[in-house]
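UniProt numbering numbers the first residue of the sequence shown as 1 and each following residue consecutively.
Ideal placement from N, C-alpha and C gives every residue a C-beta, glycine not left out.
This report refers to the structure that appears directly beneath it.
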Amino acid sequence: MRTKQKRRVCILLPNKQHLDCIVTVKARAQEVLNSVLKQLGVSDLFIFGLAVLRDNEYLFLDLSLKLSKYFGKRWNRSSITVPFIVFLRVQYYVENGQLILSSKVQQLYYTELRQKVLRSQSRQQEALFFQLAASALQAEVGDLEQRDGNQEEKEERCYFLPEDYFPSWLIKRRGRDYLLQHCPALHSDLRGVTRSQATLQFIKEAGGLQDGPVTFYRMRQNKRERRSSILLGVVVKGVHIYEEVEGKLCLLYDLAWTNIDRFTFQGRRFEVTAVGSLCLPELVFYTHSAFHSKHVLRHLTDSHRRHIDTRDAVSYIQQLEDMEASRFYNEAYICDTAGLRQRLQTDNLTSSMSDCSAAAGTSMAWYKEEEEEAEEDEEYFTEFELCVDEPEEVFVDDPAEVSWLAELIHVVSVDGAVVFPSSWEAITMEVK
């Protein structure tokens, strides 16, 4: 009888829209992912994973586990009526957007990166934010029309809201008028670049942002530390370890995958061991629970495997781009400027990916879960149950970012346009 009981799972997408999925109480995470694939009309999400919020951070679901492992006692209550919240988030960042063959998946990836740029605290990279804003405007608005006259020029500068393209700290530092005055010139420089090319350009540029394409996990330096001051960041090419000091991130270690010997965990204790040639001490940190340790380790090893499997494709794409850049540079001497501009507008580099497949490399067994004694195993599972059985899901995002949850009762198409922060604030005001 219990297996026939249904549960509603609400999957929140990066574009602030949602999907609904009805499953049984014994359903596994894979069933939810299958439903998402079907509703989005794609065969593979490639770089996305399903995640839940646990202890103020996102943990990616093990698709082989039952959903009850993540929602605990609430999942088994027969009287439950509210939906269980799952997030569709980027699990594996990419160096080049052309690795994402599905236009729909690429757009979701672009949307999540756009949000990360707006929340970025990389204050030392101010110039990059102007480039990113220009690329985003070209991707979403297209070519900026040129007009004559001071009044028309002034109106032209007000075609976007700075809040939709710049972090709040940068708006406060420079002022809205400064951004409205200078950003259109950068946008105008991209005239002739197609929207799809501008999207790819944004994805590539965002890769240079310190806190952009990275998944952070908070850890403590010792067991008794009350505050998690260490942030372990999973990036495309390895791991970045930061210490948070007075609200600022200080980089302690930048470890490429080739510089890491192994990851191990025992309960909450999480160890990162670098290769001997680096002469680094064993890095020991403490997660929220053994449950967290297990999921962080899984994300790290899967990210390393994905890096190996795609590096040949990344190298191939880079060679194609270098060849294209060299060809256009040479053609500038033998063809007219108008013809070259037309060539730039009509060429679509993503078509080259039709002949490119990711290398199916086999990753080395470079990590291990330490075996524990029987009584230590019992302690591990006790911690696991205590973590899973938390009574409530806690949302830790900025209120302006989750106000759209109030609209879940409305039907929204998953193919809708990008929702900007300015509209999120409007929703917040309505809810208040």
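Distance between beta carbons of residue j and residue i, contact taken as under 8 Å
i: residue 493; j: Phe166; result: Given a span of 1 to 432 for the chain in the structure shown, any question on residue 493 remains unanswerable.
i: Thr199; j: Gln106; result: 7 Å
i: Gln91; j: Phe60; result: 5 Å
i: Val42; j: Ser120; result: Not quite, the Cβ-Cβ distance comes to about 28 Å (not below 8 Å), so this is no contact.
i: Val296; j: Tyr217; result: 5 Å
i: Leu108; j: Asn15; result: 7 Å
i: Leu280; j: Glu271; result: Rounded, the Cβ-Cβ distance is 12 Å, inconsistent with contact.
i: Ser122; j: Gln210; result: 4 Å
Assigned secondary structure, residue i (DSSP; H/G/I helix, E/B strand, else coil)
i: Tyr92; result: coil
i: Cys21; result: strand
i: Gly41; result: coil
i: Phe216; result: strand
i: Lys26; result: coil
i: Arg7; result: strand
i: Leu12; result: strand
i: Leu232; result: strand
i: Val36; result: helix
Close Cβ partners of residue i (< 8 Å) along its chain, the five nearest in sequence each way excluded
i: Leu63; result: Arg28, Ala29, Gln30, Leu33, Leu50
i: Asn222; result: Tyr286
i: Arg195; result: Gln138, Ala139, Glu140, Gly142
i: Phe87; result: Ile11, Leu12, Leu50, Ala51, Val52, Leu53, Tyr58
i: Leu45; result: Leu33, Val36, Leu37, Leu88, Val105
i: Asp20; result: Arg8, Val9, Cys10, Ile11, Pro83
Minimum C-alpha distance to residue i - residue among the options
i: His292; options: Lys6, Asn15, Glu57; result: Glu57
i: Tyr93; options: Lys237, His295, Leu297, Ser289; result: Lys237
i: His168; options: Arg262, Lys116, Arg298; result: Going by the sequence as given, residue 168 is Ser instead of His. Looking at the Cα atoms, Lys116 is the closest of the given residues.
i: Leu232; options: Glu225, Glu244, Arg224; result: Glu244
i: Val9; options: Arg74, Gly41, Val42; result: Arg74
i: Ile80; options: Lys66, Val25, Glu95, Ile47; result: Val25
i: Leu113; options: Arg123, Gln124, Ala133, Lys248; result: Ala133
i: Leu128; options: Thr273, His18, Val36, Gly208; result: Gly208
i: His307; options: Leu37, Lys16, Ile47; result: Ile47
i: Thr273; options: Asp177, Leu37, His288, Ile241; result: Ile241
i: Gln125; options: Glu163, Val193, Gly212, Val284; result: Gly212
i: Tyr110; options: Pro281, Phe270, Ala206; result: Ala206
i: Phe265; options: Met219, His18, Gly192; result: Met219
i: Ile100; options: Asp322, Ser68, Thr310; result: Thr310
i: Gln17; options: Ser68, Ile85, Arg77, Ser78; result: Ile85
Cβ shell of residue i (< 7 Å), same chain only, five flanking positions each side left out
i: Ala136; result: Arg114, Tyr165, Phe202
i: Ile22; result: Lys6, Arg8
i: Gly247; result: none
i: residue 515; result: The chain is shown only over 1 to 432; residue 515 falls outside these bounds and no answer can be derived.
i: Asn96; result: Lys204, Val314, Ile317
i: Leu252; result: Ile241, Tyr242, Glu243
Close-in-space but distant-in-sequence residues of the same chain around residue i (CB under 6 Å, 5 per side omitted)
i: Val239; result: Leu255
i: Lys66; result: Arg28
i: Ile288; result: Reading the sequence as shown, one finds His at residue 288 and not Ile. Once the five neighbours on either side are set aside, the close Cβ partners of His288 are Asp55.
* **Length-filtered (3 minimum) beta strand (DSSP E) runs lying within the region 47-121** => 48-54, 57-60, 84-90
* Which ranges does the beta strand (DSSP E) cover as unbroken runs of at least 3 residues, wholly within the region 242-327, from first to last along the chain? -> As far as the region 242-327 is concerned, its whole beta strand (DSSP E) runs of at least 3 residues are 248-256, 260-266, 269-274, 283-286.
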